[in-house]
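These notes are about the structure you will find just below.
Residue numbers (the working numbering), protein chains in the order written: chain U, 69 to 319; chain S, 109 to 533; chain Y, -9 to 479.
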């Protein structure tokens, strides 16, 4: 589903190179965890996948279902099924969550040549998904992410993911700032979306989230490269011994 | 600067003075009213319209910007339009002529301002606010009509009152002294419209007195034509525990100066200003605000949102004065601007003038383009860039409207905003 | 509010009378006759042995000045100045210009010693002073000595009085004088062009980092004498210089005028850091006497990626009218303005800055801290503008006022002008008083009121103090304490 080949990228503004020859393949149905110390390029990778303009790809390519997506705008990538759950969901005062969901769902449908949802159908879907994630309808009337607690924000992200039905989900440090109950709700939401035609990339610093969202593969990112890949036992190894050994071995 | 020195009058100054001379036998009021008018027009003649050298007109050089003044046309006709929200009582003013017939809601007394000019009771109110009060001067010299409203103590109006000013062409100069009795509750919509694209100039002064414990929402909705000049002024005075929520939307006009000058006279008074300026084309729009916190324990917040497209120029001047002994004043002012075209222009001057030490005062001003993080977030959810930008601009101003606790009114104003944005974005 | 009341009382007793630089020195002087005319300007020019072009420049300015009107927009009130009741030139007898240290009148050296100004090179070399500071000492209308000239010369840095520079480096002066603040700029600047007497000239050549702090110390001594300082600093490509000025005057009943012009030019990649500790006599507690300080300071970031930073600590003067500004002309240039303005007694301050963004990717930062006590008036007035071509202009402004007592006024007047849609301006202002909670907390921890106020005020101004060269930060902090607390320093 996703194939990243020799990717090099830097911050557009100051030219700092962050990703330095990264290779990664994620198959449909797979849950891949990307782990790494602070500053290894984890969040940058998520932004590059989703098309943030602050980064410049200088070399390499990203194939999504065989198509090079580097030239696509962020909204086009989203419509094609790439979803990024933000580490810090953005507050947008003045835009009600409900209104936002409707516009996003319909714009994606429009791009794919599908009919827009009728209002009752839209309402039905939102209500169902919100109930699953224990999100109060009152929250959806508030402006997007404004005044939401950390847990509420993350749940709202997962709600969006459920409604937009993406093919490739990128969860950027979704566990940060969550207590254990919130973590379980979020993990249940993600697990419910696991299916043979959908891939999930879980970016995390800690093993904790991976107890709830069990990965098929684990990749260690360091200085903008994947330096080691393995199965879920690799995550446990990291938890026990830290990154130092692996970094040394790779050096 | 010697204000007495004769100046060489511009075309607009000449036209205003000529308008006065031409109508002198016909303008309502004599004796004291006429003597005030004479003084005001004499001042206009000697000092001229204000230039950028007058501090309060620094960014709106009226002498240069006001190139011509359309002649008054007494025979011109203008149509009424539907009320902004259903159920509102419409008080119609067409081309400066107020219609006092019709049924006033219970507790509301309506009188023609022309009558007050005729019997001389309006004379005292015609005085200018200061030597730089050009709007007061033009309006006081030439005012012919308007409405005087008084709302009896304890009256609570369920539906809004809409003062509907429709202008088709020419000039109009109107005044609206409105006094809200103690513990009244009401919403007033002051709506300025034009029915066609002909050029017009209007000046309008609303003089609002809010009685003890009253809770008033006053909305100024300015939607004049793209060739029009609008010189508006709101004066207000708040008694003990009085609340005034003033809402200002500018969505029209070529040359607009909207002044708001108020003071708190009783402890516990609370003032809120919310302003939305939608600026496009070649327009010049200036909102100038002063508020005197004159007694202790009064509060105010002001939020202004400017959206500037095309070659438009926006100005916001806000001044909060805290008088000596006005301790425990709490005043916050913010002016935020989105500049959306390379030729758009905005100047802001948020001032604090403070003479009491136990106060909480602050102001903030920002000028920026659309927030890129927000834009990316929307795009990452599949919303194309243009649409995402539109949503963010709309949200930037809609946020303010939602503070109004009146569903139909919020909807009506949101539709004014989105219609304007669709036309300009 | 017992604590607060106590504070107010204490501040009320502030003795502006304890201005410790208020002594007068009796030195034989040579003066021009009182008043202003073309003859007086010829007199000044002749005294300085100026070339003809300089005289013409002065006379042109004078003729223009006669047609100008005194500005009235600032929030300061003072009786009309009689410009013919001032001496425009006063110099210690026998001084026609700076000499070497040994030739300077010992009486004069004593003055500087009393003021705590290090003039003795050998002492500094001997390590009495922590670091080397070169000083240009201006006494009334003349520079009496400039230290470390030779050592600086070795590094290629020119540091001398402007009078000398006009004679020795006429081409450099001609090229830059009036190029930042044109002779027509404003009433006081134009007056300065006509009658300026002395000040400093600094030239740092390409790629040179000035090896020591430069500083000029201004002293007004004579009665009824105006001081018209003129300073010009040029940093060539890649050069760096840090410059500091200080000033004091004796205690007198009459008002004296100080009208200065300072011009800075920074070329490509150059940086100029200009700090001021202004401590002119502020007048007595009844508002009698004190210096009228009307100053035009402007820096031109002419080259790309150049930087000019103004830091000012304003504690003196009866009237301060001063707006050190930056013209951000070069792409990528940066302007900074850090200010502490303390007003007490009857002082009136109207001060701030202008950041004029002309080039692409220019940025500016303004941090202003105003403290008003007594019956003083303290106004911040600042302008930030981005012109049509100033793509990606950035400004951040923070302007805070602190009121001590309820008889003073604090005012904020920012002008924000954006003509480019890529500009990002952020402006924040607050006004508050020392909170009772803060004060109580200090008292509870055993800190007396006076010290607590000093502590809180120091916290309030810290951000700006940090911008001063280390040697002066301590002094400035003390000065603020003295001007506020009434405790003799």
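Even for Gly, the Cβ is constructed at its ideal location relative to N, Cα and C.
Neighbourhood of residue 252(Y) by C-beta distance below 7 Å, restricted to the same chain and skipping five residues each side: Counting from 1 along the third chain, the entry for residue 252(Y) is found at position 262. Correct list, in chain order: 221, 287.
Determine, for residue 298(Y), whether the minimum Cβ-Cβ distance to residues of chain S falls below 7 Å. Sequence index remark: in the third chain, residue 298(Y) carries index 308 (1-based). So no, residue 298(Y) is outside the interface.
Examine the Cβ distances between the segment 93 to 106 of chain Y and the segment 46 to 65 of chain Y and report whether three or more of them are shorter than 8 Å. no
Compute the minimum distance between the beta carbon of residue 316(Y) and the heavy atoms of the ligand PLP, and state whether it is under 6 Å. Absence of the ligand PLP from the depicted structure is noted, as is the absence of any ligand whatsoever, leaving it without description.
Does any residue of chain U bring its CB to less than 7 Å from the CB of residue 303(S)? Here the question's residue 303(S) lines up with position 195 in the second chain. Not one chain U Cβ lies under 7 Å of residue 303(S).
Quick check: the Cα distance between residue 139(U) and residue 234(U), rounded to an integer number of angstroms? As a first step, residue 139(U) must be located in the first chain, where it is residue number 71. As a first step, residue 234(U) must be located in the first chain, where it is residue number 166. Their backbone Cα atoms lie some 20 Å apart in a straight line.
Bridge partners - residue 404(Y), DSSP secondary structure assignment: As a first step, residue 404(Y) is located in the third chain; it is residue number 414 there, counting from the start. Answer is 372(Y), bridged to residue 404(Y).
Enumerate, from N- to C-terminal direction, the unbroken alpha helix (DSSP H) stretches of 4 or more residues contained entirely within the segment 239 to 279 of chain U. 248 to 261
Using the C-alpha atoms, what's the distance from residue 419(S) back to residue 407(Y)? Sequence index remark: in the third chain, residue 407(Y) carries index 417 (1-based). Sequence index remark: in the second chain, residue 419(S) carries index 311 (1-based). Cα-Cα distance, rounded: 15 Å.
Are the beta-carbon atoms belonging to residue 272(U) and residue 153(U) less than 7 Å from one another? Translated into the one-based positions of the first chain, residue 272(U) becomes position 204. Translated into the one-based positions of the first chain, residue 153(U) becomes position 85. For residue 272(U) and residue 153(U), no; Cβs fall outside 7 Å.
Tell me which same chain residues have a C-beta within less than 6 Å of the C-beta of residue 218(U), skipping the five on either side of it? As a position in the first chain, residue 218(U) is number 150, starting the count at 1. Once the five neighbours on either side are set aside, the close Cβ partners of residue 218(U) are 245.
Taking Cβ to Cβ, would you say residue 426(S) is nearer than 7 Å to residue 404(S)? The sequence position of residue 426(S) within the second chain is 318, counting from 1. The sequence position of residue 404(S) within the second chain is 296, counting from 1. Cβ atoms of residue 426(S) and residue 404(S): not closer than 7 Å.
Neighbour list for residue 495(S) in chain C, Cβ cutoff strictly below 8 Å: The structure shown contains no chain C; its protein chains are U, S and Y.
Can you give the beta carbon distance from residue 76(Y) to residue 247(Y), rounded, assuming they're within the 8 Å contact cut? As a position in the third chain, residue 76(Y) is number 86, starting the count at 1. As a position in the third chain, residue 247(Y) is number 257, starting the count at 1. About 6 Å separates the two Cβ atoms, so the contact holds.
So the beta strand (DSSP E) residue 290(Y) belongs to, where does it begin and stop? As a working mapping, residue 290(Y) is identified with position 300 in the third chain. Segment 280 to 291, the beta strand (DSSP E) holding residue 290(Y).
Report the neighbours of residue 327(Y) on chain S: residues whose CB is nearer than 7 Å to its CB, in chain order. Here the question's residue 327(Y) lines up with position 337 in the third chain. Near residue 327(Y) there are no residues of chain S at all, since even the closest Cβ is about 17 Å away, more than 7 Å.
Quick one: is residue 231(U) near chain S, going by C-beta distance under 7 Å? Within the first chain, the letter at position 163 stands for residue 231(U). Not an interface residue.
Evaluate residue 345(S) with the Cβ neighbour count: other Cβ atoms within 10 Å of its Cβ, from every protein chain shown; 16 or more gives buried, anything less gives exposed. Position 237 of the second chain holds residue 345(S). It is buried - the Cβ of residue 345(S) has at least 16 other Cβ atoms within 10 Å.
If I measure Cβ to Cβ from residue 475(S) and keep anything under 7 Å in the same chain, skipping five residues before and after, which residues do I get? Here residue 475(S) refers to the residue found at position 367 of the second chain. Contacts found: 445, 447, 454.
Looking only at its own chain, which residues have a Cβ that is under 6 Å from the Cβ of residue 266(Y), when we skip the five neighbours before and after it? Along the third chain, one-based indexing puts residue 266(Y) at 276. Once the five neighbours on either side are set aside, the close Cβ partners of residue 266(Y) are 235, 302.
Grab me the residues of residue 64(Y)'s own chain with a C-beta within less than 6 Å of its C-beta, minus the 5 sequence neighbours each way, in chain order. In the third chain, counting from the first residue as 1, residue 64(Y) sits at position 74. Answer for residue 64(Y): 311, 340, listed in chain order.
So, are the CB atoms of residue 306(S) and residue 329(S) less than 7 Å apart? To locate residue 306(S), count along the second chain from 1; it is residue 198. To locate residue 329(S), count along the second chain from 1; it is residue 221. No.
How big is the Cα-Cα spacing for residue 484(Y) and residue 454(Y)? Because residue 484(Y) is not part of the residues shown, which for chain Y are -9 to 479, the question remains open.
Looking at the C-beta of residue 399(Y), does it have a partner C-beta in chain S at a distance below 7 Å? In the third chain, the residue the question calls residue 399(Y) occupies position 409. Taking Cβ atoms only, chain S reaches closer than 7 Å to residue 399(Y), which makes this a yes.
Beta-carbon neighbours of residue 492(S), restricted to chain U and to distances below 7 Å: By 1-based counting over the second chain, the position of residue 492(S) is 384. Ordered by position in chain U, the residues that pass the 7 Å Cβ test against residue 492(S) are 143, 175.
Please state if the CB of residue 229(Y) and the CB of residue 198(Y) are separated by a distance shorter than 7 Å. The residue you call residue 198(Y) lines up with position 208 of the third chain. The residue you call residue 229(Y) lines up with position 239 of the third chain. Yes.
Going by DSSP, name the residue or residues bridged to residue 202(S). Numbered from 1 along the second chain, position 94 holds the residue referred to as residue 202(S). In the DSSP output, where bridge partners are listed per residue, residue 202(S) has 205(S), 274(S).
Assign residue 483(Y) to one of two classes, buried (16 or more other C-beta atoms within 10 Å of its C-beta) or exposed (fewer than that). Shown here, chain Y extends from -9 to 479; a query on residue 483(Y) therefore has no answer.
Beta-carbon spacing of residue 14(Y), residue 272(Y) below 7 Å: Taking the first residue of the third chain as position 1, residue 14(Y) is located at position 24. Taking the first residue of the third chain as position 1, residue 272(Y) is located at position 282. Against a cut-off of 7 Å, the Cβ pair of residue 272(Y) and residue 14(Y) comes out as no contact.
Rounded C-alpha distance that separates residue 302(U) from residue 308(U): Sequence index remark: in the first chain, residue 302(U) carries index 234 (1-based). Sequence index remark: in the first chain, residue 308(U) carries index 240 (1-based). Computed Cα separation, rounded: 10 Å.
Going along the chain, which residues of its own chain have a beta-carbon closer than 8 Å to the beta-carbon of residue 435(S), five neighbours each way excluded? Locating residue 435(S) in the second chain gives position 327, counting from the first residue. So the list reads 404, 405, 464, 465, 466, 467, once near-sequence residues are dropped.
Bridge partner(s) assigned by DSSP for residue 316(Y): Sequence index remark: in the third chain, residue 316(Y) carries index 326 (1-based). BP columns for residue 316(Y) point to 289(Y), 345(Y).
How about residue 367(Y) and residue 338(Y): do their beta carbons lie closer than 7 Å? Your numbering for residue 367(Y) matches position 377 in the third chain. Your numbering for residue 338(Y) matches position 348 in the third chain. Yes, Cβ-Cβ distance for residue 367(Y) and residue 338(Y) is below 7 Å.
Alpha carbon to alpha carbon, how far is residue 315(U) from residue 274(U)? Position 247 of the first chain, counted from the first residue, corresponds to residue 315(U). Position 206 of the first chain, counted from the first residue, corresponds to residue 274(U). Distance between the alpha carbons of residue 315(U) and residue 274(U) is about 17 Å.
Return yes when the Cβ of residue 164(U) is within less than 7 Å of the Cβ of residue 270(U), no when it is not. The residue you call residue 270(U) lines up with position 202 of the first chain. The residue you call residue 164(U) lines up with position 96 of the first chain. Contact flag unset, no.
Would residue 413(Y) pass as an interface residue toward chain S - the criterion being a Cβ-Cβ separation below 7 Å? As a working mapping, residue 413(Y) is identified with position 423 in the third chain. With 7 Å as the cut-off, residue 413(Y) counts as an interface residue toward chain S.
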